[in-house]
Amino acid sequence: MTSQYSIIIKNMSGQTMSFYAFQKQAAFANGGSVAAILSSSLACGNLAPNASSGAQLDFSFDVQNYVGAKSTATASSQVKFNASLSMVSAKTASSSAAAVQPIDLTASTPGQPTGNSSVLSIDPLGLSAATYQSGLPAGAFGIQVPSFTPVPMPQLYCGCAAINQDGSITLSSFIAPLPNSQVNCTPAAIFYVGTGNHPVGQTVTYATAQAAECDFTTGYRVITVQYNSDGSFTAKGG
Numbered sequence: 098m099t100s101q102y103s104i105i106i107k108n109m110s111g112q113t114m115s116f117y118a119f120q121k122q123a124a125f126a127n128g129g130s131v132a133a134i135l136s137s138s139l140a141c142g143n144l145a146p147n148a149s150s151g152a153q154l155d156f157s158f159d160v161q162n163y164v165g166a167k168s169t170a171t172a173s174s175q176v177k178f179n180a181s182l183s184m185v186s187a188k189t190a191s192s193s194a195a196a197v198q199p200i201d202l203t204a205s206t207p208g209q210p211t212g213n214s215s216v217l218s219i220d221p222l223g224l225s226a227a228t229y230q231s232g233l234p235a236g237a238f239g240i241q242v243p244s245f246t247p248v249p250m251p252q253l254y255c256g257c258a259a260i261n262q263d264g265s266i267t268l269s270s271f272i273a274p275l276p277n278s279q280v281n282c283t284p285a286a287i288f289y290v291g292t293g294n295h296p297v298g299q300t301v302t303y304a305t306a307q308a309a310e311c312d313f314t315t316g317y318r319v320i321t322v323q324y325n326s327d328g329s330f331t332a333k334g335g
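Numbering (my numbering), first residue to last: 98 to 335.
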């Protein structure tokens with residue numbers, strides 16, 4: 098069984114609330130360009146007040162890192178992608194392809210080989226099993242992107258990924274890569290819990306100021322988040 102990080106949420110307010118979780122945005126390097134980093138909801142649920150129900154939410158995420166890629170195309174163009182997944186028109190037939198592979202982060206010890214790089218293919222979409230690539234920064238993994246022709250609406254995305262309970266793939270922190278380029282991605286095992294109804298996979302605004310930070314880089318595997326009656330959060334590891 099894959100090891101997991103767990104976030105337990107308790108609602109100490111007097112009303113039912115919706116909560117969602119997203120990951121700290123990874124650091125990306127892509128051919129010297131500054132790419133817009135997008136984030137997705139990784140978990141979502143409604144929670145009744147703890148005092149009257151005793152209920153709690155448990156959001157769990159694999160400790161294993163994953164590299165992912167996604168392309169969504171309309172039936173007519175095969176290449177059109179809407180970056181805001183929640184705003185895709187129901188009147189437009191669309192299809193999507195996604196790929197995921199487990200991947201390791203580059204070790205901090207020089208010369209220690211890890212499966213830290215994957216090769217992206219376009220048609221059909223895919224990612225190779227991870228192999229070792231020298232020269233990557235410690236804590237990062239690499240994605241080798243082939244040549245392709247961008248369209249007015251970027252249709253190809255890659256970055257950090259999560260595998261959902263139903264087996265579907267969500268990109269948690271991702272960019273639209275440049276053609277024929279190298280993407281270096283440095284993720285962090287830090288997640289945020291916020292209020293709101295954002296289904297899994299929906300692209301969300303990256304807003305951390307009013308969210309609870311759950312930092313698993315400190316060694317915790319379980320963090321309890323309490324939503325207080327004044328609208329604030331309290332997070333405690335252990």
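Glycine included, each C-beta is placed from N, C-alpha and C at the ideal position.
Asked                                                                                                                       : Found
Selection from ASP327, SER329, PHE288 and GLN299 that minimises the alpha carbon distance to VAL160                         : PHE288
Any non-hydrogen atom of the ligand COA closer than 8 angstroms to MET114 Cβ                                                : Within the structure as shown, the ligand COA is missing, as the structure has no ligands at all.
Whether ALA235 touches VAL164 by CB criterion (9 angstroms)                                                                 : no
Span of the alpha helix (DSSP H), counted from its first residue to its last, around SER150                                 : 147-150
Nonlocal neighbours in the same chain, by C-beta distance under 7 angstroms from PRO243, ignoring five residues either side : LEU217, SER218, ILE219 and ASN277
Distance, ALA118 Cα to SER261 Cα                                                                                            : Before going further, note that residue 261 is Asn rather than Ser in the sequence given. Going from the Cα of ASN261 to the Cα of ALA118 covers about 13 angstroms.
In DSSP terms, what LYS121 is bridged to                                                                                    : None; LYS121 has no bridge partner.
When LEU224, GLY212, PRO249 and PHE245 are compared against GLY232, the one with the closest alpha-carbon                   : GLY212
With 16 other Cβ atoms within 10 Å as the buried cut-off, status of LYS121                                                  : buried
In chain order, each beta strand (DSSP E) run of at least 3 residues that lies wholly inside the stretch 227-305            : 238-242, 253-260, 266-272, 278-283 and 287-292
Three-state class that DSSP yields for THR211 in the structure shown                                                        : coil
First through last residue of the beta strand (DSSP E) which encompasses LEU222                                             : It is not in any beta strand (DSSP E) - LEU222 carries neither H nor E in the DSSP assignment.
Identity of the residue in SER110, THR169, TYR102 and ASN127 nearest GLN241 by Cα                                           : ASN127
Assigned exposure category for ASN281 - 16 Cβ within 10 Å defines buried                                                    : buried
With 16 other Cβ atoms within 10 Å as the buried cut-off, status of VAL131                                                  : exposed
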